[in-house]
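Student: Please find one structure pasted underneath; my questions will follow.
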Amino acid sequence: MEIQNDLPKTFDPQSAQDKWYQKWMETKSFKPKKGKKKETFTVLMPPPNVTGKLHMGHALDATTQDALVRYKRMKGFETLWIPGTDHAGISTQSVVEKLIWKQEKKNRHDLGREEFTKRIWEWKEQYGTEIVNQQKKMGVSCDWDYSTFTLDEVPNKAVKKFFVMLFNEGLIYQSNYIVNWDPTLQSAISDAEVEHKEVKGHFYDLRYKIKGEDTELIIATTRPETIFADTAVAVNPTDERFKHLIGKMAIIPICNREVPIIGDEHVDIEKGTGCLKVTPGHDFNDFEIGKRHKLPILNILNTNGTFNEGAPEIKGMKPKEARAEVERLLTELGALVGKKDHVHPVGHGERSDDIIEPMVSKQWFLNTTSMAEESVKAVENGDMTFYPKGWENTYFAWLRNPKDWCISRQLWWGHQIPVYYCRSCDAKWAADEDPKACVKCKKTDFFQDPDVLDTWFSSGLWPLSTLGWPDKKAMKEKRFDDFYPNSTLITGFDIIFFWVARMMMMGMKVTETPPFKHVYIHAIVRDKQGRKMSKSLGNGIDPLDMINQYGADAMRFTLAAGSGYNRDLNLDTERIEGYRNFVNKLWNAFRFVYPFLDKAKNDLPAKSEWHLHDKWILAELNTVARDMNEAMDLYRYDDACSLIYQFVYEKFCSWYIELSKNILYGEDEKAKIIRATMLKYCFKKIVTLLHPVVPFITEEIWSHLESKTMLINQEYVEFDSSLENAEVQELMNKFIEVTTGIRNIRSSVNLKPKDEIDAKLFTDDRRLAKFMYESRHFLKDLANVKSGTIRSKNHKRPKKSASMATVHTEIFVPLEGLIDINEQVNRIKKDMDKTQSDYQKVEAKLNNENFMRNAPEEVKTEVHEKARAFQEKITSLNEMLNSFQ
RNA sequence: GGGCGUUUAGCUCAGCUGGGAGAGCGCUACCCUUACAAGGUAGAUGUCGGGGGUUCGAUCCCCUCAACGCCCACCA
460 MEIQNDLPKT FDPQSAQDKW YQKWMETKSF KPKKGKKKET FTVLMPPPNV
510 TGKLHMGHAL DATTQDALVR YKRMKGFETL WIPGTDHAGI STQSVVEKLI
560 WKQEKKNRHD LGREEFTKRI WEWKEQYGTE IVNQQKKMGV SCDWDYSTFT
610 LDEVPNKAVK KFFVMLFNEG LIYQSNYIVN WDPTLQSAIS DAEVEHKEVK
660 GHFYDLRYKI KGEDTELIIA TTRPETIFAD TAVAVNPTDE RFKHLIGKMA
710 IIPICNREVP IIGDEHVDIE KGTGCLKVTP GHDFNDFEIG KRHKLPILNI
760 LNTNGTFNEG APEIKGMKPK EARAEVERLL TELGALVGKK DHVHPVGHGE
810 RSDDIIEPMV SKQWFLNTTS MAEESVKAVE NGDMTFYPKG WENTYFAWLR
860 NPKDWCISRQ LWWGHQIPVY YCRSCDAKWA ADEDPKACVK CKKTDFFQDP
910 DVLDTWFSSG LWPLSTLGWP DKKAMKEKRF DDFYPNSTLI TGFDIIFFWV
960 ARMMMMGMKV TETPPFKHVY IHAIVRDKQG RKMSKSLGNG IDPLDMINQY
1010 GADAMRFTLA AGSGYNRDLN LDTERIEGYR NFVNKLWNAF RFVYPFLDKA
1060 KNDLPAKSEW HLHDKWILAE LNTVARDMNE AMDLYRYDDA CSLIYQFVYE
1110 KFCSWYIELS KNILYGEDEK AKIIRATMLK YCFKKIVTLL HPVVPFITEE
1160 IWSHLESKTM LINQEYVEFD SSLENAEVQE LMNKFIEVTT GIRNIRSSVN
1210 LKPKDEIDAK LFTDDRRLAK FMYESRHFLK DLANVKSGTI RSKNHKRPKK
1260 SASMATVHTE IFVPLEGLID INEQVNRIKK DMDKTQSDYQ KVEAKLNNEN
1310 FMRNAPEEVK TEVHEKARAF QEKITSLNEM LNSFQ
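First residue of the first sequence? That's 460 in this note's numbering, and the numbers climb one at a time after it.
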């Protein structure tokens, strides 16, 4: 029969991608719509930084979120997915500043604040659009009308509103405090932005003279260049060696300044020499010691990290150079008594990778103590849940030990701090609207604080501001009341405290409700060897390359299949290729069904008309639907993918389609119609189940199944108890086992596919016997069985046949003369050995009194059943061996 | 220094409340069989990191050791 098929032999992802994304946009399919469920479902996209191109991590983000969003939408939730981009303060400012330097040899100060920020805006317009285009390529079904940039008007209002609120409560305060100073950025950064790295350095032992005595102290330090800022020497007050010196004065070498010797518990007797130089201006611990002892604070660094006039001998030098110079001076003076290699952690700027200098400066801080407490409670009492649960430990670790958050940055790109200072009086106030006059003296000579807020300050308010808060009109338009709180937040574990914790604190502070109910933490994408993808290693994989090469669906399926509760996802492009093949397999399965679609009815026939194959495939499909729903509800994308993958290959293509050929190419018109209907029905369910993960090919196939509707709007497949049929599933499993057995025999004697065979089956399973008999035509297609007999096991077995046994059926293929008898006998003996060893294991259990006494009834029945089955197989194998006698 | 995690087939990983070890990729053999060679059929492969314990029974629970990874922590 000549079958017409105008579908291409391989699936073309690119055209489907463009076509359907456009269609979905035109039909506004991404906008929230009331579904059969009353609830809404909200997902907030972690806004990518505007600093550049999307990487695989974003692709994973996009895939897991889009799959979830499409799934929930199909389940009938009124679903909203909010996109956006982040201004990423430090990151963006330095990228653009570098670019301008490269092109024009000008830094930001040459341009001035206004011009410089204007340039960043221009740059943002360009890259922001590029990011959106990339996301669209991936198929993200977010509502673009909700798209928000962190520096938009509403987020800016949110930032000011929140700032003023906390300022007035006294939770935001300004203080001279020791902060992490990044000399490259020339700004303070928060603790969370500091990365500690092991650095090779030295332990220097320095000799300090004691005033008025002939003794000295040896002090160990890794930073001799900071001696100029020392304001004390500390020993442990219980240290017998030194406690008599407390209260005396020590003399700092080089500068010959006198500083008090103090006793402080912080000093570790074991560490170093047990004597500590105290530098409150440039060391976090020393700052605390200084506070306890009311020591003066000296600052010997400029904002660019060079030394200032406080350290005349090394003025203008950078720390490394200065250290060498100080070492030289100390040696000259004979004050350096030792130098040992020493590896120790040193803070580096997350963005600049520069060594962080602790420095005292006036900064804005946010006291997070009570907010952190609330955020911890919300997770403890289940108002917010982490998936996988283990990540709550990371969250707790951070929030149970809250530190005040340094929120001011000496940058230009960001939300300027809404605090105003009067030049005419001493007034200082926060305002969420541009003030007209000084709140106190009413004069108009005032200025705004030049600093901007930490990027994460606006990110923390993201769940609120994207829904319009605090602007009443915007909140109404964006339906804040319907969509807040968000349902699920999906993100990587690397920003649990940067972002998740901050959103929790800030969201709960404003609304007293956690901003989301679930947080699903996905893996970090690494290369196939488990290394982080990075520019320096050159092992990054560009999602767009993958989409061009294999299609968005294949990439998405790969990422989803690799995402469960794991923390690493080692991505090998070979896997994408493998799933590209799966996508193509699905396409070709559809190509098979396609020519018969005109025969298919829209509704399933009455159950009485269903063939056993139909009952079976629908039961299997139903099981898969149930399990996939469960998997998706738990964010087990890996399970969901593997379930449908297995079903499509192992059940649907290998058996149901193969078994359908005999009917569809046959003469029985009625049977053809029923089978075509069934195939169409199955296909609709399959593409529905797959759509959240591979939206493009499924929508394409759907368009051939139902031209009037779109799959994106269909209802997801739910479990239907009326389709359950364990009996038929068992029978089909046996059928498959026997058929595979016959093929196995064929393969073992090297028969060509064209060689027809005669098969003799022996079984006492009467239902199976009946079904095998009815399936004789199918066996011709499946294993080229020309003729055969089916008998019960009390019949005589044929002599010298190729044979094998399942626990229920013996298969004999008479091939006398064609087979190697020894080989066949060995095969059976090998099977016998295995079966006997299996049997002995279960038999041992049954003979074990303790097992029989303690094991639960169902386990015992199971073991009994196994023993019986093995026994039956052993009997069968013996029959076979006998047939060679 | 503290915490978390990982260790299962050559590779990447799954194994729920303990009851005969799984998937994908790769590999081997044979096949261009009328949806698909981006395919089909059949097949091989594991002292479930080491040691101890609990149990009738441990990949799974407990203890311990080891290796690797990540996070946090004040640069004496």
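Note that beta-carbon positions come from the ideal geometry of N, C-alpha and C, so glycine has one too. Quick caveat, the model's predicted, so the values are computed rather than measured.
Let's see if you can read the secondary structure: which residues bound the alpha helix (DSSP H) around Arg1225?
Tutor: Within the first sequence, the letter at position 766 stands for residue 1225. First-last of the alpha helix (DSSP H) with Arg1225: 1225 to 1233.
Student: Thinking C-beta only, is Thr853 closer than 8 Å to Phe952?
Tutor: Locating residue 952 in the first sequence gives position 493, counting from the first residue. Locating residue 853 in the first sequence gives position 394, counting from the first residue. Result yes, Cβ atoms of Phe952 and Thr853 sit closer than 8 Å.
Student: Can you tell me the Cβ-Cβ gap for Asp477 and Lys659, rounded? I've got them flagged as a contact below 8 Å.
Tutor: As a first step, residue 477 is located in the first sequence; it is residue number 18 there, counting from the start. As a first step, residue 659 is located in the first sequence; it is residue number 200 there, counting from the start. Their Cβ separation, rounded to whole angstroms, is 54 Å, which puts Asp477 and Lys659 out of contact at 8 Å.
Student: Sort out for me which residues DSSP pairs Phe845 with in a bridge.
Tutor: To locate residue 845, count along the first sequence from 1; it is residue 386. Its beta-bridge partners are Val978.
Student: In chain order, what residues of the same chain have a beta carbon less than 7 Å from the beta carbon of Thr828, not counting five sequence neighbours either side?
Tutor: Position 369 of the first sequence, counting from 1, holds the residue named residue 828. Cβ within range, chain order: Pro861.
Student: Could you tell me whether the stretch 568 to 580 touches the stretch 543 to 558, where touching means 3 or more Cβ pairs closer than 8 Å?
Tutor: yes
Student: For Leu1102, count the other beta carbons within 10 Å of its own beta carbon; 16 or more makes it buried, fewer makes it exposed. Which is it?
Tutor: Locating residue 1102 in the first sequence gives position 643, where the first residue counts as 1. With 16 or more Cβ atoms within 10 Å of its Cβ, Leu1102 is classed as buried.
Student: In its own chain, which residues sit with a C-beta less than 6 Å from the C-beta of Phe746, not counting the 5 before and 5 after it?
Tutor: Residue mapping note: residue 746 aligns to position 287 of the first sequence, counting from 1. Cβ within range, chain order: Ile637, Pro739.
Student: What does a CB cutoff of less than 6 Å around Leu1138 pick up in its chain, not counting 5 residues either side in sequence?
Tutor: Translated into the one-based positions of the first sequence, residue 1138 becomes position 679. The residues are Val1052.
Student: Identify the residues that DSSP records as bridge partners of Val1284: which are they?
Tutor: In the first sequence, residue 1284 corresponds to position 825, counting from 1. BP columns for Val1284 are empty, so no partner.
Student: Among Val1083, Arg1095, Val694, which residue has its Cα nearest to the Cα of Val1107?
Tutor: As a first step, residue 1107 is located in the first sequence; it is residue number 648 there, counting from the start. When Val1083, Arg1095, Val694 are compared, the shortest CA-CA separation from Val1107 is found for Val1083.
Student: Under the assumption that Pro719 contacts Ala794 (Cβ atoms under 8 Å), give the Cβ distance between them as a whole number of angstroms.
Tutor: Translated into the one-based positions of the first sequence, residue 719 becomes position 260. Translated into the one-based positions of the first sequence, residue 794 becomes position 335. Contact flag wrong, Cβ pair sits at about 19 Å.
Student: Let's see if you can read the secondary structure: which residues bound the beta strand (DSSP E) around Trp415?
Tutor: Because the chain here runs from 460 to 1344, residue 415 falls outside it and cannot be looked at.
Student: Would you identify the three-state DSSP class for Gln907, choosing helix, strand or coil?
Tutor: Counted from its first residue, the first sequence places residue 907 at position 448. Residue state, collapsed to three classes: strand.
Student: Have a look at Gly722, Glu772, Gly764, Gly775 and flag the residue whose alpha-carbon is nearest the alpha-carbon of Leu754.
Tutor: Walking along the first sequence from the start, residue 754 turns up at place 295. With distances taken between Cα atoms, Leu754 lies closest to Gly722.
Student: Within 10 Å of its beta-carbon, does Thr697 have 16 or more other beta-carbons around it, so buried, or fewer, so exposed?
Tutor: As a working note, residue 697 is residue 238 in the first sequence. So Thr697 counts as exposed.
Student: Do you know whose CA, among Leu1336, Gly629, Ile710, lies nearest Leu665's CA?
Tutor: For the purposes of this step, residue 665 is identified with residue 206 of the first sequence, where counting begins at 1. Cα-wise, what sits closest to Leu665 is Ile710.
Student: Going by DSSP in three states, Pro719 sits in which element: helix, strand or coil?
Tutor: To locate residue 719, count along the first sequence from 1; it is residue 260. Strand at Pro719.
Student: From Ala837, Ile1156, Gln645, Asn639, pick the residue whose C-alpha is nearest to that of Met967; which is it?
Tutor: Here the question's residue 967 lines up with position 508 in the first sequence. The shortest C-alpha separation from Met967 is found at Ala837.
Student: Skipping 5 residues on each side, what residues in its chain have a beta carbon closer than 7 Å to that of Lys656?
Tutor: For the purposes of this step, residue 656 is taken as residue 197 along the first sequence, with counting starting at 1. Around Lys656: Pro804, Val805, His807.
Student: Just checking His1254 against the ligand GDP - is the residue's beta carbon closer than 7 Å to any of the ligand's heavy atoms?
Tutor: Among the components modelled here there is no ligand, and therefore nothing to report on the ligand GDP.
Student: Which runs of the alpha helix (DSSP H) fall wholly inside the stretch 1042 to 1116 and span at least 4 residues, in chain order?
Tutor: 1071 to 1092, 1096 to 1105
Student: Does DSSP put Pro1002 in a helix, in a strand, or in coil?
Tutor: As a working mapping, residue 1002 is identified with position 543 in the first sequence. Helix, per DSSP.
Student: May I have the straight-line CA-CA distance separating Ser1342 from Ser1246, to the nearest angstrom?
Tutor: What you label residue 1342 is simply residue 883 of the first sequence in a count that begins at 1. What you label residue 1246 is simply residue 787 of the first sequence in a count that begins at 1. Inter-residue distance for Ser1342 and Ser1246 is about 20 Å (C-alpha atoms, whole angstroms).
Student: So, with DSSP's three-state summary, where would you put Gln1330?
Tutor: To locate residue 1330, count along the first sequence from 1; it is residue 871. Helix, per DSSP.
Student: Return the first residue and the last residue of the beta strand (DSSP E) that Met708 is part of.
Tutor: Against the first sequence, residue 708 aligns to sequence position 249. Start and end: 708 to 710.
Student: How is Phe500 classed by DSSP in three states: helix, strand or coil?
Tutor: Translated into positions along the first sequence, residue 500 becomes position 41. Three-state result, Phe500: strand.
Student: On the three-state DSSP scale, how would you describe Gln988?
Tutor: Within the first sequence, the letter at position 529 stands for residue 988. Gln988: coil per DSSP, three-state reduction.
Student: Between Thr765 and Gly749, is the Cβ-Cβ spacing less than 8 Å?
Tutor: Walking along the first sequence from the start, residue 765 turns up at place 306. Walking along the first sequence from the start, residue 749 turns up at place 290. Contact: no.
Student: Could you say which of Leu704, Asn627, Asn1337 lies nearest to Asp1290 if we only look at CA atoms?
Tutor: Stepping through the first sequence from its first residue, residue 1290 is reached at position 831. For Asp1290, the nearest C-alpha among the options comes from Asn1337.
Student: Looking at C-alpha atoms only, which residue of Tyr1124, Lys976, Lys1229, Glu1174 is the closest neighbour of Ile494?
Tutor: The count along the first sequence starts at 1 and reaches residue 494 at position 35. For clarity, residue 494 is Gly in the given sequence; the question names Ile instead. It is Glu1174.
Student: With DSSP collapsed to three states, give me the class of Ile1035.
Tutor: Looking up residue 1035 in the first sequence gives position 576. Ile1035 falls in the helix class under three-state DSSP.
Student: What's the C-alpha gap between Asp1062 and Cys1100?
Tutor: One-based indexing of the first sequence puts residue 1062 at position 603. One-based indexing of the first sequence puts residue 1100 at position 641. Separation of Asp1062 and Cys1100 (C-alpha to C-alpha, rounded to the nearest whole angstrom) is 28 Å.
Student: Give me whichever residues DSSP pairs with Leu1030 in a beta bridge.
Tutor: Along the first sequence, read from residue 1 onward, the residue named residue 1030 stands at position 571. Beta-bridge pairing links Leu1030 to Asp986.
Student: Return yes when the Cβ of His981 is within less than 8 Å of the Cβ of Ile949, no when it is not.
Tutor: Residue numbering aside, residue 949 sits at position 490 when the first sequence is read from its first letter. Residue numbering aside, residue 981 sits at position 522 when the first sequence is read from its first letter. It is a contact, given that the beta carbons lie within the stated cut-off.
Student: Going straight from the alpha carbon of Phe1329 to that of Phe1194, what length do you get?
Tutor: Taking the first residue of the first sequence as 1, we reach residue 1329 at position 870. Taking the first residue of the first sequence as 1, we reach residue 1194 at position 735. Each residue's Cα considered, the two are about 19 Å apart.
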